[in-house]
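One rule links them: number in this note's numbering = place in the sequence shown (from 1) + 2.
Here a beta-carbon is modelled for each residue, glycine too, at the ideal position from N, C-alpha and C.
This report concerns only the one structure given below.
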Amino acid sequence: MEPGTPPRSDRRIVASPTRMPCKRVRPLPDASDAEDPVLALVVPASPFEKLENYHLLEAGQGWMSWNVDLSGEECTLEKYQWCGDADYRRKIDIIRNSKNPYILRCHGYREDAEGIAVIFERFGNSLEGRHVDVEPMLTTIAGQALEGLFFLHDHKVSHGNIRPATIFVGKNVKTKIGDFTSRVRPPLVDSKSSAYLSPEVIGGDADKNFDVLAAGDIWSLGLSVLELFLGYYPYGKDLPIVLDYSSLKDIICSMDPPQAPAQASMQFTDFLALTLQKDPKKRSTAAKLLHHSFITG
Numbered sequence: 003m004e005p006g007t008p009p010r011s012d013r014r015i016v017a018s019p020t021r022m023p024c025k026r027v028r029p030l031p032d033a034s035d036a037e038d039p040v041l042a043l044v045v046p047a048s049p050f051e052k053l054e055n056y057h058l059l060e061a062g063q064g065w066m067s068w069n070v071d072l073s074g075e076e077c078t079l080e081k082y083q084w085c086g087d088a089d090y091r092r093k094i095d096i097i098r099n100s101k102n103p104y105i106l107r108c109h110g111y112r113e114d115a116e117g118i119a120v121i122f123e124r125f126g127n128s129l130e131g132r133h134v135d136v137e138p139m140l141t142t143i144a145g146q147a148l149e150g151l152f153f154l155h156d157h158k159v160s161h162g163n164i165r166p167a168t169i170f171v172g173k174n175v176k177t178k179i180g181d182f183t184s185r186v187r188p189p190l191v192d193s194k195s196s197a198y199l200s201p202e203v204i205g206g207d208a209d210k211n212f213d214v215l216a217a218g219d220i221w222s223l224g225l226s227v228l229e230l231f232l233g234y235y236p237y238g239k240d241l242p243i244v245l246d247y248s249s250l251k252d253i254i255c256s257m258d259p260p261q262a263p264a265q266a267s268m269q270f271t272d273f274l275a276l277t278l279q280k281d282p283k284k285r286s287t288a289a290k291l292l293h294h295s296f297i298t299g
């Protein structure tokens with residue numbers, strides 16, 4: 003079987019990524035036949051040529067993801083029908099060259115006229131749909147996710163898609179952040195992602211510079227941690243599922259930020275208040291939050 007790259011958390015040292023040609027052998031498959039690697043984009047370069055045992059995980063509008071084997075290691079292959087911009091390629095380059103233990107390792111990146119393909123390590127399970135009402139466990143999860151964000155922000159790149167589904171937890175509550183594809187997705191694709199955007203980001207009124215996007219990551223993490231504690235989306239149990247982008251935008255921009263429930267500790271309540279500040283200039287940073295009493299104990 004000729005090696006190839008099939009198109010894209012229940013639950014993220016090589017040369018810089020460049021545009022490289024590859025041969026299109028068939029149209030992008032439907033989800034029903036996407037497990038057949040013969041329908042792939044043929045990519046004659048390592049590590050894509052080493053991929054084996056494709057098993058479809060998910061498929062959405064313009065993207066698919068597979069569970070694959072890469073030289074005996076279980077990985078996730080994601081294929082998107084959209085192209086990355088310079089900022090996205092820089093982000094992936096930083097992640098590929100990083101050994102940060104709180105970020106999913108990136109084993110390969112390819113881009114061509116048909117879109118992008120990325121290989122990430124497969125680690126633990128995402129926190130989507132999980133209920134974690136034990137504060138010490140949330141301390142570990144939030145602290146390690148902040149370590150990952152601090153690394154990205156220190157390199158002047160934002161994540162852009164922090165939510166329970168992109169936070170992965172393995173043995174001993176080891177936590178990593180993944181899914182760095184927000185910059186290559188067209189807008190309004192998916193309300194589940196939009197539901198965790200900060201007011202200034204989803205509102206579109208603010209200049210999307212690095213500082214704004216980094217502050218947006220902090221909001222997204224705070225909202226995600228609060229959701230884990232509550233067991234449901236803080237603005238309403240079903241809102242990410244039943245509301246469209248425009249409705250979510252109205253709710254997030256017009257309503258007061260969610261708050262910790264009465265049973266939360268003072269440290270946890272203060273931590274959430276610092277992350278869910280509606281004014282991004284008053285919101286805390288990853289560097290500061292790593293020294294917060296909720297994280298340090």
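ask   = Which two residues bound the contiguous beta strand (DSSP E) that contains E76?
value = It spans E75 to Y82 - the beta strand (DSSP E) in which E76 sits, taken as one unbroken run.
ask   = For E60 versus N69, is the C-beta distance shorter than 8 Å?
value = Going by beta carbons, E60 and N69 fall outside the 8 Å limit.
task = Counting only the same chain and skipping the five closest in sequence on each side, list residues whose C-beta sits under 8 Å from that of K194.
result = R165, A167, P242 and I243
task = Whole angstroms is fine: what's the gap from A197's alpha carbon to I220's?
result = Looking at the two C-alpha atoms, the distance is approximately 14 Å.
message = Nearest by alpha-carbon distance to G218: which of K251, L278 and S73 is it?
response = Nearest option by C-alpha distance: L278.
ask   = Closest by CA to S73, which one among Y90, F50 and W65?
value = Of the candidates Y90, F50 and W65, the residue whose Cα lies closest to the Cα of S73 is F50.
task = Please determine, among T78, C255, K280 and S267, the residue with the shortest C-alpha to C-alpha distance to G299.
result = S267
message = Just to confirm, is the Cβ distance from I105 to F170 under 8 Å?
response = no
request  = Look at the alpha carbon of E113 and the alpha carbon of D181, and state the distance between them as a whole number of angstroms.
outcome  = Across the structure, E113 and D181 are spaced so that their CA atoms are roughly 17 Å apart.
ask   = If you draw a straight line from the C-alpha of S226 to the C-alpha of S48, how long is it?
value = For S226 and S48, the distance between alpha carbons rounds to 36 Å.
query = Between the beta-carbon of L292 and the beta-carbon of L230, is there less than 8 Å?
reply = no
request  = With DSSP as the reference, please indicate the residues paired to V120 in a beta bridge.
outcome  = Its beta-bridge partners are E80 and Y111.
Extent of the continuous beta strand (DSSP E) run through I179 = T177 to I179
task = Kindly list the residues whose CB is nearer than 8 Å to the CB of I297, restricted to its own chain and excluding five residues on each side of it in sequence; keep chain order.
result = T141, A144, G145, L148, F273 and L291
request  = State the DSSP-derived secondary structure class of N211, mapped to helix, strand or coil.
outcome  = coil
ask   = Nearest to D300 by CA position, among I254, E137, L250 and I94, is which residue?
value = Outside the shown range of the chain (3 to 299) lies residue 300, about which nothing can therefore be said.
inquiry  = I'd like the list of long-range same chain contacts for V175, defined as Cβ closer than 7 Å, with 5 residues on each side in sequence excluded.
reply    = M139, T142 and I143
query = S222 to Y56, Cα distance in whole Å?
reply = 32 Å
message = Assuming L215 and I179 are in contact, meaning their beta carbons sit under 8 Å apart, how far apart are those beta carbons, in whole angstroms?
response = Incorrect: roughly 15 Å between the Cβ atoms, too far for contact.
request  = Reducing DSSP to helix, strand and coil, say where M268 ends up.
outcome  = helix
message = For the alpha helix (DSSP H) containing H155, name the first residue and the last one.
response = E137 to D156
task = Less than 8 Å between the CB atoms is what I'm expecting for V159 and I204, so what's the real figure, rounded?
result = Not quite, the Cβ-Cβ distance comes to about 20 Å (not below 8 Å), so this is no contact.
key: Classification of H133 by the beta-carbon crowding that lies within 10 angstroms, buried from 16 upward   = exposed
request  = Label S34 either buried or exposed according to how many other C-beta atoms from any shown protein chain fall within 10 Å of its C-beta, with 16 as the threshold for buried.
outcome  = Confidence is the limiting factor: at S34 the pLDDT is only 44, short of 50, which leaves the residue's position unreliable, though a coordinate-based value still follows. The residue in question, S34, is exposed, as its Cβ has fewer than 16 Cβ neighbours within 10 Å.
key: Among D240, N211 and Q261, the one whose alpha carbon lies nearest that of H161   = N211
inquiry  = Out of S248, L228 and L245, which one is the CA nearest neighbour of A264?
reply    = L228
ask   = Since A61 is in the alpha helix (DSSP H), which residue starts that stretch and which ends it?
value = Per DSSP, A61 belongs to no alpha helix (DSSP H); it is in the beta strand (DSSP E), L53 to G62.
query = Can you give the Cα-Cα distance for G206 and S200, rounded to whole angstroms?
reply = Taking the straight line from one Cα to the other gives about 10 Å.
request  = Output the distance between the C-alpha atoms of A288 and F270, rounded to the nearest integer angstrom.
outcome  = 15 Å
Of the listed residues R124, A119 and V120, nearest to G172 (C-alpha basis) = R124
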